[in-house]
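J.:
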Amino acid sequence: MVLGCEIDFKDNPFGIYYAGQVISGSVSLNADKEKLVKSIILKIRGFAMTYWTEDETDVENKGTEESYSGHEDYIHSKVDLLVAEGTDVALKPGAHVYHFVCQIPAVCPSSFEGTHGRVRYTVTVKVIRPWKFDLTYSRPFTVLKVMDLNREGLFLNTPAQSEDQKTYNCWPCRSQPLRLQLSLPQRGFVPGQTIPVAVLITNDSHIGVEQIEASLVMMVLYYSQHSVDTISERFVVSKKQGEGVTRNSKKQYVFELPVPATPPTCFDLCRIIQIAYQVVVETKVKGWHINERVHLPVTIGNVPLNKQLTQQPRSIPVEVEVVAQQLDEKALVLVDDAAAAAMPAPVNPWAADATIGPPSYAEAVHIRAGPIKSTVKPPANRSRKSQEFSPSTTQTKENCAFTPLYAVFHINSETAKLQDIDRSTWI
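Take 671 as the starting number for the sequence shown in our numbering and just add one per residue.
1. Under three-state DSSP, which class holds arginine 821?
2. According to DSSP, is alanine 1022 part of a helix, a strand, or is it coil?
3. Taking the alpha helix (DSSP H) that aspartate 1007 belongs to, which residues open and close that run?
4. With distances taken from CA atoms, which of Pro974, Thr1025, Asp1023, Val1003 is nearest asparagine 820?
5. Run through the DSSP bridge pairs and tell me what aspartate 743 is partnered with.
6. Residues in its own chain within less than 6 Å of isoleucine 714 by CB, not counting five upstream and five downstream?
7. Per DSSP, which residues does aspartate 750 bridge with? Please list them.
8. Which word fits tryptophan 801, buried or exposed, when buried means at least 16 other C-beta atoms lie within 10 angstroms of its C-beta?
9. Closest to proline 933 by C-alpha separation, out of Gly957, Trp722, Phe782, would be which residue?
10. Is arginine 809 buried or exposed, if buried means 16 or more other CB atoms sit within 10 Å of its CB?
11. Per DSSP, what are the beta-bridge partners of aspartate 834 in this structure?
12. If we ignore side chains and look at the alpha-carbon of each, how far apart do glutamine 691 and methionine 1013 end up?
13. From the DSSP output, in three-state form, read off asparagine 827 for me.
14. Assuming leucine 848 and serine 885 are in contact, meaning their beta carbons sit under 8 Å apart, how far apart are those beta carbons, in whole angstroms?
15. What distance in whole Å lies between the Cβ atoms of glutamine 851 and glutamate 833, which are believed to be in contact at a cut-off of 8 Å?
16. Do the CB positions of valine 950 and histidine 965 come within less than 9 Å of each other?
17. Comparing alpha-carbon positions, which option in Pro861, Leu761, Ser709 lies nearest aspartate 750?
18. Give the single residue among Trp722, Ser737, Pro861, Thr828 whose Cα lies nearest to the Cα of glutamate 1033.
19. What is the residue span of the beta strand (DSSP E) that threonine 1064 lies within?
20. When we look at the beta-carbon of leucine 712 and count the other beta-carbons within 10 Å, is it buried (16 or more) or exposed?
21. Are alanine 689 and leucine 826 close, meaning C-beta to C-beta below 9 Å?
22. Have a look at alanine 972 and cysteine 936 and give me their C-alpha separation to the nearest angstrom.
23. With distance defined between alpha-carbon atoms, name the residue in Met888, Gln881, Val929, Lys909 nearest to serine 902.
24. So, isoleucine 945 versus glutamate 742, is the Cβ gap smaller than 9 Å?
25. To the nearest angstrom, how far is the alpha carbon of alanine 1024 from that of phenylalanine 811?
26. When we look at the beta-carbon of isoleucine 877 and count the other beta-carbons within 10 Å, is it buried (16 or more) or exposed?
27. Would you mind reading off the limits of the beta strand (DSSP E) that contains aspartate 899?
28. Does the separation of the CB atoms of isoleucine 865 and leucine 927 fall below 9 Å?
29. With the cut-off set at 9 Å, would you say threonine 723 and glycine 858 are in Cβ contact?
30. If you count every other CB in all the chains shown that lies within 10 Å of the CB of serine 908, and 16 or more means buried, which is it?
31. Using the Cβ count rule (16 or more neighbours within 10 Å means buried), how would you classify phenylalanine 1072?
32. Just to confirm my understanding: we take glutamine 1089, look at its own chain, exclude 5 residues before and 5 after, and list those with CB closer than 8 Å. What are they?
33. Could you give the distance in angstroms between the alpha-carbon of proline 1016 and the alpha-carbon of isoleucine 1037?
34. Quick check on aspartate 804: does DSSP put it in helix, strand or coil?
35. For proline 829, I'd like the list of residues in its chain whose CB is within less than 6 Å of its CB, leaving aside the five on either flank, ordered along the chain.
36. Ignore the nearest five residues each way along the sequence and tell me which others in valine 753's own chain have a CB closer than 6 Å to its CB.
Following this line, the structure appears as structure tokens:
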């Protein structure tokens, strides 16, 4: 049986949508001759899942492997493209085109592919055949939560500062402190922006600082659904390095950390995967001494901050309780050619501000996406290339490789041109 299948999205070749928008697309089936089938089913799924294993030792000192997992659904809807009234139904030779639309819930988390979990959205066509294996055609697509920094609280548009100090050796030989101060002009950013990281190091100790490093770090926390166990993952999104500070001296730095394509911050939409970001500054000191580190949490969104503060921002509660969503099993419907042609283009969340240009989209290259069923320590020689997948391709299996795309805005930075080294000043 030769049966071709193509899943396409209307005016959206890479399949990128925001939560709350309507998916509009088509399924094209091409048969070389008449085929007997039991049914042909179209379904759209959106779900999050986690899975990992850990080596443990029981009371008898025997090694065992414990597995942990979690799962929750956001979209689960299906319709019949062709169904037999009796035993089988004939699929005529030639091309068969079916148009569909589906409402994405407004509170869906963003697509994400990690080592121990994923958030994925997929359109699947399943051909159920008599006395033969079923045929499956699948096309994942990207869904992005709407993270408008102007509505996440006025605090994102205000400066932030953090500082710490460290002394070396013990009394009576304890050194004077090494002070580290970190300052940011605001706390909310979008991919495409740069984060101006101001650092002041006051080294009153007798230990020299060999190097200073500023980085934007993404932290992912995976939860097990049936226990309190968790596992975390840490990705360095971007990094800059600067020269050191001699003892009994003071130096000020300004690092420009670019924010590349990356998923938005997410605490309140998914119960089993949470994503957070922080700016980390670390001093690497000479000898066997412990490095000093200071950090500040930042929020990564996909609608940039305006120059003027929003009058009525949405406040964020201190503790967020994530509630399971009610699934709409009838969200997916078939439409005729005229209705499909009349479907308007979805309105993007930044369209209300004429000063914000449309973003481009790119994959998050800092995320090591891989097989979900992996151990806590994944193989170091795993090839990323084997997991690559074009977002505009229909695949012939449901659990396929996929790389989500994230918005990158083209915002002119008011700071100096980016450099690979720091801009520093002795004080």
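Ideal Cβ placement from N, Cα and C applies to all residues, glycine included.
T.: The short version:
1. helix
2. coil
3. 1007-1011
4. Pro974
5. Phe717
6. Ile745, Ser747, Cys772, Val793, Leu1002
7. Ile711
8. exposed
9. Phe782
10. buried
11. Leu850
12. 12 Å
13. helix
14. With 8 Å as the limit, leucine 848 and serine 885 do not qualify as a contact, their Cβ atoms being about 19 Å apart.
15. 4 Å
16. yes
17. Ser709
18. Pro861
19. Run containing threonine 1064: none; DSSP gives neither H nor E here.
20. buried
21. no
22. The identity of residue 972 in the sequence shown is asparagine, whereas the question assumes alanine. Approximately 12 Å between the Cα atoms of the pair.
23. Met888
24. no
25. 27 Å
26. buried
27. Looking at the DSSP string, aspartate 899 is not in any beta strand (DSSP E), and its letter there is neither H nor E.
28. yes
29. no
30. buried
31. buried
32. Annotation note: pLDDT 45 at glutamine 1089 (below 50); position unreliable, coordinate value reported separately. Here the set comprises Glu926.
33. 29 Å
34. coil
35. Pro855
36. Ser709
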